[in-house]
Amino acid sequence: MKLQKKILYTFAVAACTGLIYAAGSQASSEAESQTADSYGPTVIVSKKPVKMMFSHKYHAISLGLDCNTCHPDIFEKKKGWAESQEDYNMEGLDEGKYCGTCHNGDDAFATNDEASCTQCHGEMNPPKTIIFDKPVKAVVFDHQMHVDMDLGCSSCHNKVFKMQLGAAEEHPEKFVMQALYEGKYCGACHNGDDAFASDTKCTTCHIGVIGFERLMSGGKGEKKEHGGGH
543 MKLQKKILYT FAVAACTGLI YAAGSQASSE AESQTADSYG PTVIVSKKPV
593 KMMFSHKYHA ISLGLDCNTC HPDIFEKKKG WAESQEDYNM EGLDEGKYCG
643 TCHNGDDAFA TNDEASCTQC HGEMNPPKTI IFDKPVKAVV FDHQMHVDMD
693 LGCSSCHNKV FKMQLGAAEE HPEKFVMQAL YEGKYCGACH NGDDAFASDT
743 KCTTCHIGVI GFERLMSGGK GEKKEHGGGH
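In the numbering used here, the protein residues as written are 543 to 772.
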């Protein structure tokens, strides 16, 4: 009889301990959730100038950064504020603005560290070919070939081309051959030294109207996708 009582007592204690632990875990989980919510959205996704993701929860909770670490000196505490700023791009970040205030290579990984691009931008799958029909129809850019030459994103973006949909074509009066001869756009590399001069091998890039129609009807190429600022 005594043995039975001891067994029942042991089970009772174990059950109570389990309930207390479960309640504690639930309370802890709820407290963590409430704490995370108090800092605002756990993840912030921007689509301009390019798609990127910022883990608010990781910076505020895991790293223990206070609100005033970023707000309001680096970022205004207002949804969409950063996206409305003209210099909210990789060039601005590389100059130490916005995320670049901390992501400088010392306090956190640098914004121009190509190995870390996917940390914020996710898996990037730029098109193999980019086709432009302004200011002339049409010019083809072999994006994949340049990637295969071990040129990183920062080789062209954002000092030569903005990594923004159709950015160069927004100013067709500037995106002209004369600009290339002056070392702008493609002319930054296609100068006769680093790559063939922009005033040679015209048909390498210029495929004309017929070439454009043939290429588009064949379903090849992607017109002004990721990196369409070329």
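Every residue, glycine too, gets a C-beta built ideally from N, C-alpha and C.
{"Check": "Under the three-state DSSP convention, the category F754 falls into", "Outcome": "helix"}
{"Check": "A573 burial status per 10 Å Cβ neighbour count (16 or more: buried)", "Outcome": "At A573, the pLDDT of 44 sits below 50, so the modelled position is not reliable; the number obtained from the coordinates is stated separately. The residue is exposed, with fewer than 16 neighbouring Cβ atoms inside 10 Å."}
{"Check": "Distance, D690 Cα to K679 Cα", "Outcome": "26 Å"}
{"Check": "Helix, strand or coil at S597 according to DSSP, with G and I counted as helix", "Outcome": "strand"}
{"Check": "N-terminal and C-terminal residue of the alpha helix (DSSP H) that D636 is part of", "Outcome": "632-636"}
{"Check": "Residue range of the alpha helix (DSSP H) that includes S697", "Outcome": "695-698"}
{"Check": "Environment of G642 [buried if 16+ CB atoms lie within 10 Å]", "Outcome": "buried"}
{"Check": "Assumed close pair N700, N631 - CB separation to whole angstroms, cut-off 8 Å", "Outcome": "5 Å"}
{"Check": "Same chain, Cβ closer than 7 Å to S759, neighbours up to 5 away in sequence not counted", "Outcome": "none"}
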